[in-house]
Amino acid sequence: MKAKGLMADTTHYQSPIRAILHYIIAVFIFTLYGARVCPLIDSLPTAVLFIQTATVFIFLYFARLITRAVKHDEASLTKNVSLFSIVGVGFAGWYSLLYDFPLGSNVKVVFGMTLLGIVINLDLAISNARHLSKNNINKHKMPENIKPLAGQIGLGAMFLTVMMTVLLGLVVTKDLLWLAEHTQYQVDTADIDSIIKEFVYVAGVVLAYIALISVNGAALVSEQLTRQTNAMTAAASGNFDERVSLSQTGELGVIAYYTNKMIADLKNSYDEINRTRDATIVGLSTLAEARNNETGAHILRTQHYVKALADVLKRQPKYSSYLTEETIDLLYKSAPLHDVGKVGIPDSILLKPGKLTDEEFSIMKTHAQLGADALSITEKSGDGIAFLRFAREIAATHHEKWDGSGYPRGLSGEEIPLSGRLMALADVYDALISKRVYKPAFSHEKAKEIILEGRCTHFDPAVVDAFLACEHAFVDIAQKYKDEDVKAA
Numbered sequence: 012m013k014a015k016g017l018m019a020d021t022t023h024y025q026s027p028i029r030a031i032l033h034y035i036i037a038v039f040i041f042t043l044y045g046a047r048v049c050p051l052i053d054s055l056p057t058a059v060l061f062i063q064t065a066t067v068f069i070f071l072y073f074a075r076l077i078t079r080a081v082k083h084d085e086a087s088l089t090k091n092v093s094l095f096s097i098v099g100v101g102f103a104g105w106y107s108l109l110y111d112f113p114l115g116s117n118v119k120v121v122f123g124m125t126l127l128g129i130v131i132n133l134d135l136a137i138s139n140a141r142h143l144s145k146n147n148i149n150k151h152k153m154p155e156n157i158k159p160l161a162g163q164i165g166l167g168a169m170f171l172t173v174m175m176t177v178l179l180g181l182v183v184t185k186d187l188l189w190l191a192e193h194t195q196y197q198v199d200t201a202d203i204d205s206i207i208k209e210f211v212y213v214a215g216v217v218l219a220y221i222a223l224i225s226v227n228g229a230a231l232v233s234e235q236l237t238r239q240t241n242a243m244t245a246a247a248s249g250n251f252d253e254r255v256s257l258s259q260t261g262e263l264g265v266i267a268y269y270t271n272k273m274i275a276d277l278k279n280s281y282d283e284i285n286r287t288r289d290a291t292i293v294g295l296s297t298l299a300e301a302r303n304n305e306t307g308a309h310i311l312r313t314q315h316y317v318k319a320l321a322d323v324l325k326r327q328p329k330y331s332s333y334l335t336e337e338t339i340d341l342l343y344k345s346a347p348l349h350d351v352g353k354v355g356i357p358d359s360i361l362l363k364p365g366k367l368t369d370e371e372f373s374i375m376k377t378h379a380q381l382g383a384d385a386l387s388i389t390e391k392s393g394d395g396i397a398f399l400r401f402a403r404e405i406a407a408t409h410h411e412k413w414d415g416s417g418y419p420r421g422l423s424g425e426e427i428p429l430s431g432r433l434m435a436l437a438d439v440y441d442a443l444i445s446k447r448v449y450k451p452a453f454s455h456e457k458a459k460e461i462i463l464e465g466r467c468t469h470f471d472p473a474v475v476d477a478f479l480a481c482e483h484a485f486v487d488i489a490q491k492y493k494d495e496d497v498k499a500a
């Protein structure tokens, strides 16, 4: 049966509303059949039929509740259907004693109750599987006793077809025998209409239940595939937090399990790569700073300045699509490599305690291109790794100026990548508030004044406006990562 696999794990059964509706509908189906459709018992009072049928299905429902309370779990499909069959036998016996039902009618009642038990409990089993899948039951456990989904569907469809064919055959056979007994000479048109009405009624009820099961089963498969698709789509976009809730829906449960395992492995690999990247950045930037008069705190401050500026700029429509969370994170991680080219500058110039000569300054300015060239080679070998692209842009352009008077290429305006424009202001601000051998540390207000003077000449005016919007964050960053703290550490 299709639901055998579906019922393998039914802990925390869903709300009983669907089960109650099924039993109520079944009462009306049997009552309407006996009172208006069946040519043998349509003379019975409708109220009597309703009370008798309602009593039977109330008993069935409470038997289901008692079983679940005792076992702390839902009974299997086979046991639930067997209960329907047993009650059907009792129901048929009751009618046989009270109304002298013939054998054919008794068999039809038993068979009808059994078929109704199958379709009701099959639909409830599918609904239960949908509920369990939605609520992430056994989220990390490999599904057990998996039954091939195609086999479940095929056997279920075949079984329902056989049951429907047999039931309709019993209906026709019983009605024809009844017709032969009650019409000795000429068949009455009303009798034929009664037989056709019963046949259509029974066929319609069975087909309606089959359609319900088909829709519910299709929804189960569709929901599982949708969760599968969402998890895979999220993983493809770099979000490894999504997981596929496991179900007992045949092979889909196995696919979900291995999808979760694959995503977890990808996340571990992704985290390891990021840790390696971050360690590499820190190592390279520390190497550059170790040969410089600046301290390691300069790296921490400037990367936080860049992030603060980017967080403000992303609120503007012009930059919102570019400055995504991922891009801002890459800018933050790449910023420490802005002066990596200084490893190529001679110590006599890089560590000179006084002001550089024009010739020495010309050599010093080559550090921007040196860093860009080194990172460009690394970027090519890394097949376009994003953070290396940002690092190369920042290294190459953080000394370019908005009016085109910067170096190494004399770029101007928006020819300068946004990453370089952000770092230009961050680097200058940090140099202004930091003590150097050739100058004292300026106050924030003095540094702010100098930056405002450089608006539209040295700095992108939009970046200066972003600086004004987050200047308190700059002050906090400078205080948090003071040079003295780093030396003490």
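Okay, so the sequence shown: first residue is 12 according to my numbering, each after it adds one.
Note that beta-carbon positions come from the ideal geometry of N, C-alpha and C, so glycine has one too.
Keep in mind it's a predicted model, so treat the numbers as computed, not measured.
Item                                                                                                                                                                                      : Value
Does the beta-carbon of alanine 262 have 16 or more other beta-carbons within 10 angstroms, so that it is buried, or is it exposed?                                                       : Checking the sequence, you will find glutamate at residue 262 rather than alanine. Per the 10 Å Cβ criterion, exposed.
Between Tyr268, Ser280, Leu257, which has its C-alpha nearest glycine 249's C-alpha?                                                                                                      : Ser280
CA-CA distance, leucine 324 and tryptophan 413?                                                                                                                                           : 17 angstroms
Looking at C-alpha atoms only, which residue of Leu76, Ala406, Asp322, Leu348 is the closest neighbour of proline 27?                                                                     : Leu76
Using the rule of at least 16 other Cβ atoms within 10 Å of the residue's Cβ for burial, across every protein chain shown, is phenylalanine 401 buried or exposed?                        : buried
Measure from the alpha carbon of proline 347 to the alpha carbon of each residue in Val217, Thr468, Gly431, Leu334, then state which is nearest.                                          : Gly431
So for lysine 450, helix, strand or coil by DSSP?                                                                                                                                         : strand
Around the Cβ of tyrosine 333, are there at least 16 other Cβ atoms within 10 angstroms (buried) or fewer (exposed)?                                                                      : exposed
Do you know whose CA, among Ala319, Pro357, Val354, Glu425, lies nearest isoleucine 488's CA?                                                                                             : Ala319
Could you tell me the distance, in whole angstroms, from the CA atom of valine 317 to the CA atom of leucine 361?                                                                         : 25 angstroms
Quick one: residues in its chain with C-beta nearer than 8 angstroms to the C-beta of serine 144, no 5 flanking neighbours on either side, listed in chain order?                         : Leu231, Glu234, Gln235, Arg238, Ser256, Leu257, Ser258, Thr260
With 16 other CB atoms within 10 Å as the buried threshold, where does serine 483 fall?                                                                                                   : In the sequence as presented, serine is not what sits at residue 483; that position holds histidine. Histidine 483 is exposed by the Cβ-count criterion.
Let's see if you can read the secondary structure: which residues bound the alpha helix (DSSP H) around glutamine 490?                                                                    : 482-491
Should leucine 443 be labelled buried (16 or more other beta-carbon atoms within 10 Å of its own) or exposed?                                                                             : buried
By Cβ distance below 7 angstroms, which residues in the same chain neighbour leucine 399 in space, the five residues on each side in sequence not counted?                                : Leu386, Thr389, Glu390, Gly393
Distance check for tyrosine 44 and lysine 208, CA to CA, integer angstroms please.                                                                                                        : 10 angstroms
Does the stretch 405-412 come into contact with the stretch 285-297, if we say contact requires no fewer than three beta-carbon pairs (one atom in each stretch) closer than 8 angstroms? : no
Taking DSSP as the reference, what is the three-state secondary structure of phenylalanine 470?                                                                                           : strand
From the DSSP output, in three-state form, read off aspartate 350 for me.                                                                                                                 : coil
Note down the Cα distance separating alanine 19 from serine 138, rounded to an integer number of angstroms.                                                                               : Any reading at alanine 19 needs caution, since the residue's pLDDT is 41, under 50, leaving its predicted position unreliable; the model's value is listed next. Cα to Cα, the separation comes out at about 13 angstroms.
Any chance you could list the alpha helix (DSSP H) runs of at least 4 consecutive residues sitting entirely within the stretch 391-430, in chain order?                                   : 397-408
Measuring alpha carbon to alpha carbon, tell me which of Lys491, Ser416, Glu370 ends up nearest histidine 309.                                                                            : Lys491
Alpha carbon to alpha carbon, what distance is there between aspartate 471 and phenylalanine 251?                                                                                         : 37 angstroms
Comparing C-alpha positions only, which one of Ala103, Asn132, Val130 sits nearest to valine 121?                                                                                         : Ala103
Using only the alpha-carbon positions, how far apart do arginine 506 and proline 357 sit?                                                                                                 : Past the boundaries of the shown model lies residue 506; the chain is included only from 12 to 500, so the question cannot be answered.
Beta-carbon of aspartate 441 versus every beta-carbon of chain C: anything under 9 angstroms?                                                                                             : The structure shown contains no chain C; it is built from a single protein chain.
Look at the Cβ atom of valine 67, then the Cβ atom of valine 118, and state whether they are nearer than 9 angstroms.                                                                     : no
When the Cα atoms are used, what is the spatial distance from lysine 90 to phenylalanine 61?                                                                                              : 26 angstroms
Tyrosine 196 to threonine 125, Cα distance in whole Å?                                                                                                                                    : Since pLDDT at tyrosine 196 reaches only 49, below the 50 mark, its modelled position is unreliable, and the value read off the structure follows with that caveat. Tyrosine 196 and threonine 125: Cα-Cα distance of roughly 37 angstroms.
For valine 130, tell me which candidate among Val100, Trp105, Ser93 has the shortest Cα-Cα distance.                                                                                      : Ser93
Assuming histidine 410 contacts alanine 383 under a Cβ cut-off of 8 angstroms, what Cβ separation, rounded to an integer in Å, is found between them?                                     : About 11 angstroms; that fails the 8 angstroms criterion.
Classify tyrosine 269: buried if its beta carbon has 16 or more other beta carbons within 10 angstroms, exposed otherwise.                                                                : exposed
Report the option in Ile40, Asp438, Leu436 whose CA atom is closest to the CA atom of alanine 219.                                                                                        : Ile40
Using the Cβ count rule (16 or more neighbours within 10 Å means buried), how would you classify glycine 264?                                                                             : buried
Using the Cα positions of isoleucine 462 and valine 474, report the straight-line distance between them to the nearest angstrom.                                                          : 10 angstroms
What is the DSSP secondary structure of serine 256, reduced to helix, strand or coil?                                                                                                     : coil
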